[in-house]
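Residue numbers (our numbering): 42 to 280.
If you want it as structure tokens, here you go:
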């Protein structure tokens, strides 16, 4: 079902979805590589007041990459320069009781562009939901260890200020990688990130690294000053 079409504004109203859905389809006049400041927020408004926040003002580009890594490629066609199927629940639609709904907001949009949003219903309901959280390494920081325990994937800013990234595994081992090595390992798992409107295969975006986090409890970044490094981490929880 189509939820909305947004153009001419920098922020959408709070969109209210009363049907159970398991995925969002995001489609835009922009290519996925052209997404910059756009952010998305998603939460479930529960009847008892205990709302469940799935994403709070996270970068739309990172949300799309996290949702499509290792499975679907970002698509395009004659109407849209990017189309992304983004799961927010695992193998089913989010279970909603009476008077409950899913709330979605898009902000920091480019008003001259178009952003369309669709909701995909599934034949079964589930309480296994994907949660997305933003983590940051400050521009003035040289070294930072980021806790990623329980997460299965991270989307990290790729920048020349990053010297190396160490994975701290749950078995106690620490392995150091160069950004190029991480990019190569990531592409080996998912060799096609997107298909451009011209039909060109895009292996990965030049400004992002997609990092699988199997058996990893922390990531340690060594960098020089001058650039903020953002992480989007994803986890699957039953709520």
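Where is the CB? At the ideal position from N, CA and C, for every residue including glycine.
{"query": "Would the beta-carbon of residue 133 fall within 9 Å of that of residue 174?", "result": "no"}
{"query": "Rounded to whole angstroms, what is the Cα-Cα separation between residue 254 and residue 195?", "result": "7 Å"}
{"query": "In whole angstroms, give me the CA-to-CA distance for residue 276 and residue 140.", "result": "27 Å"}
{"query": "What's the call for residue 55, buried or exposed, on a 16-neighbour Cβ count within 10 Å?", "result": "exposed"}
{"query": "Any contact of the segment 80-97 with the segment 217-227, i.e. 3+ C-beta pairs under 8 Å?", "result": "no"}
{"query": "Residue 103 bridges to which residues according to DSSP?", "result": "Beta-bridge pairing links residue 103 to no other residue."}
{"query": "If distances are taken between C-alpha atoms only, which option among 57, 208, 131 and 76 comes closest to residue 252?", "result": "208"}
{"query": "Is residue 82 helix, strand or coil by DSSP?", "result": "strand"}
{"query": "Is the segment 197-214 close to the segment 262-272, with three or more CB pairs under 8 Å?", "result": "yes"}
{"query": "Is the beta carbon of residue 156 closer than 9 Å to that of residue 237?", "result": "no"}
{"query": "Need the endpoints of the alpha helix (DSSP H) that residue 220 sits in, please.", "result": "220-230"}
{"query": "Look at the Cβ atom of residue 161, then the Cβ atom of residue 272, and state whether they are nearer than 9 Å.", "result": "no"}
{"query": "Let's test the definition: count the other Cβ atoms within 10 Å of the Cβ of residue 153 and tell me whether it reaches 16, buried, or not, exposed.", "result": "exposed"}
{"query": "Just to confirm, is the Cβ distance from residue 211 to residue 258 under 9 Å?", "result": "yes"}
{"query": "Residues bridged to residue 175 by DSSP?", "result": "273"}
{"query": "Specify the secondary structure class of residue 73 as computed by DSSP and reduced to three states.", "result": "helix"}
{"query": "Could you tell me if residue 50 is buried or exposed, where buried requires 16 or more neighbouring beta carbons within 10 angstroms of its beta carbon?", "result": "exposed"}
{"query": "What is the DSSP secondary structure of residue 109, counted as helix, strand or coil?", "result": "helix"}
{"query": "Relative to the alpha-carbon of residue 262, which residue among 164, 53, 181 and 70 has its alpha-carbon at the smallest distance?", "result": "181"}
{"query": "Let's test the definition: count the other Cβ atoms within 10 Å of the Cβ of residue 90 and tell me whether it reaches 16, buried, or not, exposed.", "result": "exposed"}
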